[in-house]
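Peer 1: Residue numbers (the numbering used here): -10 to 104. To start, I am sharing the structure in question, which I have written as structure tokens.
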Amino acid sequence: MVKPLGLGGFNMSWCFLDELYRVIESRRDKPVEGSYTSSLMSKGLEAVIDKVVEECMELIESARGGSKSEIVHEASDLIYHTLVLLAYLQIPSGMVPEELIRRRRRGHGGRRKPG
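Have a look at this one:
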């Protein structure tokens, strides 16, 4: 769990995503019959990646002409499937907010380019 670092609602929101991530992990570790998440993960890494790509494209399409509610819907799908990918790869969920916090503290939004 991410420790509060004075980033406003960030930690509250991540608590929910962390809880969702734990459910996804449980579907990975103990598949549940009829579970969409268990079914997707059982198809392997390429299926999970394909789903992330599909959701990314749907978000882009909705951003180009969809309503705010459509954009939120597609962004939610992308975030969910990104969490599925992280869980599939056994990357701890806390690593993402830790990276975002590091970037914020460095004062820029990404990695420094070489050179």
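Positions of the beta carbon are idealized from the N, C-alpha and C atoms, including for glycine. Small disclaimer: the values here were computed from a predicted structure and weren't measured.
(1) Kindly indicate which three-state DSSP category Lys32 falls into: helix, strand or coil?
(2) If you count every other CB in all the chains shown that lies within 10 Å of the CB of Pro(-7), and 16 or more means buried, which is it?
(3) Kindly list the residues whose CB is nearer than 7 Å to the CB of Ser27, restricted to its own chain and excluding five residues on each side of it in sequence; keep chain order.
(4) With Leu75 as the anchor, note down where its alpha helix (DSSP H) starts and where it stops.
(5) Can you tell me whether Ala76 is buried or exposed, with buried defined as 16 or more other CB within 10 angstroms of its CB?
(6) Please report the straight-line C-alpha distance between Ser31 and Val37, rounded to a whole angstrom.
(7) Whole angstroms are fine: how far does the CA of Ala64 sit from the CA of Gly33?
Peer 2: On the basis of the supplied data:
(1) On the sequence shown, residue 32 is found 43 positions in, with the first residue counted as 1. If DSSP states are grouped into helix, strand and coil, Lys32 belongs with coil.
(2) Numbered from 1 along the sequence shown, position 4 holds the residue referred to as residue -7. A caution first: Pro(-7) carries a pLDDT of 48, below 50, which makes its placement in the model too unreliable to give a value.
(3) As a working note, residue 27 is residue 38 in the sequence shown. Only Arg16, Pro20, Val21 meet the Cβ criterion.
(4) In the sequence shown, counting from the first residue as 1, residue 75 sits at position 86. From DSSP, the alpha helix (DSSP H) with Leu75 extends over 57 to 77.
(5) Reading the sequence shown from its first residue, position 87 is the one you call residue 76. It counts as buried.
(6) Your numbering for residue 31 matches position 42 in the sequence shown. Your numbering for residue 37 matches position 48 in the sequence shown. Those two C-alpha atoms are separated by around 9 Å.
(7) Residue mapping note: residue 33 aligns to position 44 of the sequence shown, counting from 1. Residue mapping note: residue 64 aligns to position 75 of the sequence shown, counting from 1. The straight-line gap from Cα to Cα measures roughly 23 Å.
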